[in-house]
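Engineer: One structure is given below, represented as structure tokens, and several questions about it will come after.
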């Protein structure tokens, strides 16, 4: 009888959880595509809520949010855009926090093409160098800062191939349209190693820190799934996934 009672209680609890599960619409910076897909699966398993993600450039998301896009949570590739939205009254006060610190990498799809110190960049033997648009994508801005620190801005300006976001910058290299390019380490890294091609992990001192902030937007202020996601991102399971893709916390 106790077993039957426990079974009924468990069924009731699951039914209650399913009945109160919700979707949360999330604008996700393109560099965080792989980690958020992994997190989404665990989030739904653990909470019953469903994360519905849209991927793109941070600057483009800012424009969309200001124009009324239905996003409830924003996972930015910087800390300045969420802060700006907060100051403009488009977020839930107190919800903003840094969920990851990104790492930039110089990458080629060719094995052995990029050396461990990135000397290939100054050797200037390549025809095309891919970067994300520095006006809308923080990783693109970081790439221009690296080029400036290395006094290469003028030398490579005619070789730059600019993607709308970090995903397109990555695609230019992966398809061979550019011999090498600046990408997010998370796009080529998993569990402690580069998964394809060759790469130079850019030293952090060559660019401003890529602090990536999350925030609940005003459209998500009454959505329990939005609040649950923000809390989940602060938890140990999400942290382990984020670190596995080369981010710092």
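Residue numbers (this note's numbering): 12 to 260.
Note that beta-carbon positions come from the ideal geometry of N, C-alpha and C, so glycine has one too.
Keep in mind it's a predicted model, so treat the numbers as computed, not measured.
(1) Is residue 91 helix, strand or coil when you go by DSSP?
(2) Tell me, to the nearest whole angstrom, how far the beta carbon of residue 231 is from that of residue 53; I am working on the premise that it is less than 8 Å.
(3) Taking 8 Å as the threshold, find out whether the region 191-202 comes into contact with the region 36-48 through three or more Cβ pairs.
(4) In whole angstroms, give me the CA-to-CA distance for residue 314 and residue 137.
(5) Could you give the uninterrupted runs of the beta strand (DSSP E) lying entirely in the region 51-93, keeping only those of 3 residues or more?
(6) Evaluate contact between the region 144-157 and the region 101-119, counting only Cβ atoms and requiring at least three cross-stretch pairs below 8 Å.
(7) Exposed or buried, residue 237, counting other C-beta atoms within 10 Å across all chains shown (16 or more means buried)?
(8) Would you kindly work out how many angstroms separate the C-alpha atoms of residue 14 and residue 143, rounded to a whole number?
(9) Residue 119 by DSSP, collapsed to three states: which one?
(10) List the residues that DSSP assigns as beta-bridge partners of residue 210.
(11) CB-CB under 7 Å to residue 249, same chain, minus the five flanking residues each way: which ones, in chain order?
(12) Looking only at its chain, what residues have a beta carbon closer than 8 Å to the beta carbon of residue 160, apart from the 5 residues adjacent to it on each side?
Structural biologist: Inspection of the coordinates gives the following:
(1) Residue 91: helix per DSSP, three-state reduction.
(2) Not a contact, Cβ separation roughly 20 Å.
(3) Short answer: they touch.
(4) Absent from the model: residue 314. The displayed extent of the chain is 12 to 260, so no value can be given.
(5) Listed in chain order, the complete beta strand (DSSP E) runs (minimum 3 residues) inside the region 51-93 are 61-67 and 84-86.
(6) Enough Cβ pairs lie closer than 8 Å, so yes.
(7) Classified as buried, residue 237 has 16 or more neighbouring CB atoms from the shown chains inside 10 Å of its CB.
(8) Model confidence at residue 14 stands at a pLDDT of 36, short of 50, so the residue's coordinates are unreliable and nothing is read from them.
(9) Look at residue 119 here: in three-state DSSP terms it is strand.
(10) Paired residue(s): 118.
(11) 50 and 243, listed in sequence order.
(12) So the list reads 217 and 218, once near-sequence residues are dropped.
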